[in-house]
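In this note's numbering, the protein residues as written are 15 to 654.
Ideal placement from N, C-alpha and C gives every residue a C-beta, glycine not left out.
What follows is a set of notes on a single structure, which appears directly below.
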């Protein structure tokens with residue numbers, strides 16, 4: 015026995031030594047490549063879904079400060095960057111505590127806020143991303159990873175900045191060859207019991223019908239264009255035939271726009287828009303536009319949790335239309351809403367609410383995927399067809415000044431392609447910018463004036479900035495940002511009027527291709543989080559989603575690169591092409607990148623298992639963000 019004890023002690027000491035040695039190693043990152051220790055990007059062509067069970071005895075992840083990839087060098091650490099990195103390190107996703115042994119309980123009505131000025135039609139370009147409320151009642155073919163499904167699949171808290179393809183209606187998927195992709199569907203999926211569908215069983219024919227419509231009539235058509243045909247050899251098998259290789263397909267099938275619907279509802283006038291008939295965990299019961307959406311638990315939902323319990327746990331969900339930022343803060347403070355949804359709080363509000371609600375669960379992340387805010391330009395119109403004008407506009411904007419004055423330091427650089435695919439947890443600082451065009455992000459109004467003069471505009475010019483300009487900054491795409499930009503441009507002679515449009519018109523331009531003039535305030539969100547959407551989708555001159563990129567013949571090199579990344583199967587080689595696209599876009603300043611605000615997510619202490627991943631703009635957006643939420647006994651008692 016003493017010998018065994020001695021061996022155990024020696025073993026423990028050896029393990030400790032190895033761990034200390036490992037922690038002492040420090041790798042030097044190449045200045046031209048992503049860090050070698052970076053957060054792993056999702057494989058572009060996974061061969062099969064992960065296992066669907068997990069050990070119930072897994073230990074909770076240790077919380078505490080984390081080492082993130084993308085931290086600024088000392089030279090590039092500005093006051094705002096210091097504030098941002100301290101917040102991100104303290105409140106990163108992995109710091110959410112979770113006990114995997116805790117058994118959930120049923121009951122409760124979850125409430126959160128979001129605009130209900132929308133409809134549920136996945137084919138409606140005017141609805142845009144504002145149809146997010148309908149994503150808790152309509153399932154997708156595949157889905158993105160979040161903490162809920164990571165718990166089920168892996169038994170441990172994942173870094174929610176990862177983008178992982180996970181099951182939704184499809185339980186497994188695989189590549190049969192480079193041009194054939196097969197999905198195996200769950201065989202126990204039923205539609206909500208609402209006419210004209212009336213609760214029938216879902217089959218592969220529904221998925222085929224949806225894909226055929228999405229690739230011809232929706233915002234998804236640009237990234238689903240390589241699909242040649244969809245076959246259904248039986249009720250639970252879908253075979254997708256491609257015209258060309260497409261490693262991006264699995265993540266594209268997890269897009270927020272790819273919600274599955276039926277032919278019956280498509281054929282009935284206004285059914286897709288107003289009934290929201292799906293197979294999701296909740297049934298749309300009431301659509302009171304401008305007031306609320308009400309969802310009721312779907313008893314025939316096809317999923318169970320890792321304990322074998324039927325999902326969902328909640329009795330229902332109410333989404334409140336609450337556009338006033340002060341009302342949103344008050345609602346969280348008083349327990350009227352259970353989470354801060356996306357981007358409700360400014361940095362000062364976050365600090366104030368944390369004082370009054372200290373038991374809140376907190377996550378801070380650098381904006382959602384595709385949430386970088388830009389000034390989009392009409393590149394085929396003067397003066398924006400001249401690269402000197404575009405570079406001048408970028409150099410005229412004091413980004414650090416905007417971050418500190420408008421956002422109290424809680425803002426930072428961002429990249430068009432979601433940074434996780436490029437090897438970072440956060441976008442590199444402007445001073446560490448690893449792509450070409452770094453000089454155009456430096457604030458230099460004198461050089462901006464020189465460039466304008468060289469381009470033939472010595473006294474500047476007049477234009478407009480089109481946008482909705484909301485007061486609440488859920489992204490940086492809000493009024494305070496563009497009032498600052500307007501002021502900065504004026505200093506170099508550019509008079510830019512802010513032209514306010516309502517959400518339907520904005521979405522018709524942003525997603526529907528409606529014509530516009532001048533410049534356009536927008537995030538780069540492209541409907542999918544796969545880099546293909548941010549390269550081919552936005553910038554290829556033949557892409558249906560290219561609303562502000564180069565027109566045909568303007569940039570053959572960018573056309574070539576965006577096609578190359580789409581057809582490159584090797585993940586590392588594909589990442590190299592993405593970086594080449596970034597080099598080209600930022601050197602040419604095809605859009606004026608402004609950055610992103612930090613997102614402060616707060617969850618009430620009675621809420622369990624809620625935690626949206628980096629690409630979940632709201633609960634349920636491209637994620638299973640509501641089906642495994644549950645409440646403790648001290649949650650507010652509510653009724654639908």
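For residue 272 versus residue 155, is the C-beta distance shorter than 8 Å? yes
Around the Cβ of residue 561, are there at least 16 other Cβ atoms within 10 angstroms (buried) or fewer (exposed)? That one is buried.
What number of angstroms, rounded off, separates the C-alpha of residue 567 from the C-alpha of residue 226? A straight-line Cα-Cα distance of about 30 Å links residue 567 and residue 226.
Residue 428, buried or exposed, once every other Cβ within 10 Å from all chains shown has been counted against 16: buried
Closest by CA to residue 438, which one among 196, 354, 495, 593? Looking at the Cα atoms, 593 is the closest of the given residues.
Supposed close pair residue 349, residue 134 - CB separation, criterion 8 Å: Contact doesn't hold; Cβ gap of about 28 Å is too wide.
Using only the alpha-carbon positions, how far apart do residue 137 and residue 436 sit? One C-alpha to the other measures close to 31 Å.
Can you name, in chain order, every residue of its own chain whose Cβ lies under 7 Å from the Cβ of residue 117, other than the five neighbours on each side? 321
Stretch-stretch touch, CB-based, cutoff 8 Å, three pairs: the stretch 389–400 with the stretch 330–343: no
Just to confirm before moving on: does the CB-CB distance between residue 507 and residue 473 stay below 8 Å? yes
I need the DSSP call for residue 643, collapsed to helix, strand or coil. coil
Rounded to whole angstroms, what's the CA-CA distance from residue 198 to residue 282? Just pull it up for me. 29 Å
What's the C-alpha gap between residue 414 and residue 361? 16 Å
Runs of alpha helix (DSSP H) lying entirely within the stretch 277–341, each at least 4 residues, in chain order: 277–281, 285–288
What is the rounded straight-line gap between the Cα of residue 552 and the Cα of residue 449? 18 Å
From the DSSP output, in three-state form, read off residue 444 for me. helix
Starting from residue 449, trace the beta strand (DSSP E) both ways and give me its first and last residue. Counted as a single uninterrupted DSSP element, the stretch harbouring residue 449 is not any beta strand (DSSP E), since DSSP gives it neither H nor E.
Spell out whether any CB of chain B is found under 8 Å from the CB atom of residue 617. In the displayed structure, chain B is absent; only one protein chain is listed.
If you reduce the DSSP assignment to three classes, tell me which class residue 240 lands in. Assigned with DSSP and collapsed to three states, residue 240 falls in coil, not helix or strand.
Residue 388 - DSSP class collapsed to helix/strand/coil: In this structure, DSSP gives residue 388 an extended state, which the three-state scheme calls strand.
Own chain partners of residue 66 with C-beta closer than 6 Å, once the 5 adjacent residues on each side are dropped: Reliability of the predicted coordinates at residue 66 is poor, the pLDDT of 30 falling under 50, and the value obtained from them is presented with this limitation in mind. Nothing listed; no residue qualifies.
Quick one: using the 10 Å Cβ neighbour count with 16 as the cut-off for buried, is residue 369 buried or exposed? exposed
What separation, rounded to the nearest whole angstrom, lies between the Cα atoms of residue 461 and residue 409? 7 Å
Does residue 226 come out as helix, strand or coil in the three-state DSSP assignment? helix
Just checking, does the stretch 176–189 make contact with the stretch 334–344 on the three C-beta pairs under 8 Å criterion? no
Here's a check: name, in chain order, each residue in its chain whose Cβ is nearer than 8 Å to the Cβ of residue 203, leaving out the five neighbours to either side. Taken in chain order, the residues that qualify are 153, 183, 215, 216, 293, 316.
What residues match up with residue 617 in a beta bridge as DSSP calls it? 353, 375
For residue 608, is the classification buried or exposed, using 16 other Cβ atoms within 10 angstroms of its Cβ as the cut-off for buried? buried
Neighbourhood of residue 489 by C-beta, 6 Å cutoff - its chain only, sequence neighbours within 5 removed: 385, 387, 537.
As assigned by DSSP and simplified to three states, the class of residue 552: helix
So which of 600, 456, 603, 575 has the shortest CA-CA distance to residue 590? Considering only alpha carbons, the answer is 575.
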